[in-house]
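To start, the structure under review is shown below, and the notes come after it.
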């Protein structure tokens, strides 16, 4: 079984710009590729999990989501970094496009995307971590039994500053951005190994 780091896309790996309704609006944070490469080198599976309700709302076609992920793959590869799998939820119960109007199991904070990754990649969710800029990411991690890191990029600063008193359970860690989140995850790996009995 593999450990994984589940990464939210917009606001965590890429700049939060509202709906990414055109490929030119997708912009990788400058620290994201090196952070992901460090996870690759540490033998974590790296998995993008992203809600893309703009498809259900009729703001852009599903093909754009796939195009964005191909762009991310190319940009990460240029820095010797890679994502093992991309999962996205195009649904919304109030969507205007009938084919995508549903109350699905894959929309965060539900666990459908994480469960699919666990099956596809052989991931041990309990040994894994979720990193995102919204409490929905934190809540998904808690529901799954994974660790949760909130980053303060994207919506994270506002979520933390104005809403953390409403949260039933805080994240396991709060980081300024993805690179710092990876510092903590790799440090946890070392600390966990030190606590395990020898032999």
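Residue numbers (my numbering): 1031 to 1229.
All C-beta atoms, glycine included, are put in the ideal place defined by N, C-alpha and C.
None of the values given here were measured: they were computed from a predicted structure.
Continuous beta strand (DSSP E) stretch holding residue i: start and end
i            : result
residue 1080 : 1075 to 1081
residue 1186 : Segment 1186 to 1193 is the alpha helix (DSSP H) holding residue 1186; no beta strand (DSSP E) there.
Whole-angstrom distance between residue j and residue i, CA atom to CA atom
i            : j            : result
residue 1106 : residue 1049 : 21 Å
residue 1082 : residue 1128 : 15 Å
residue 1087 : residue 1145 : 25 Å
residue 1168 : residue 1108 : 30 Å
residue 1123 : residue 1089 : 15 Å
residue 1215 : residue 1130 : 35 Å
residue 1161 : residue 1172 : 12 Å
residue 1158 : residue 1035 : 6 Å
residue 1066 : residue 1076 : 7 Å
residue 1055 : residue 1174 : 31 Å
Residue i, DSSP secondary structure in three states
i            : result
residue 1034 : strand
residue 1204 : strand
residue 1049 : coil
residue 1058 : strand
residue 1172 : helix
residue 1129 : helix
residue 1084 : coil
residue 1137 : coil
residue 1148 : helix
Bridge-paired residues (DSSP) for residue i
i            : result
residue 1040 : 1044
residue 1162 : 1180
residue 1212 : Paired residues: none, contrary to the question.
residue 1117 : 1079
residue 1153 : 1032
Delimiting residues of the alpha helix (DSSP H) encompassing residue i
i            : result
residue 1098 : 1092 to 1107
residue 1062 : 1062 to 1071
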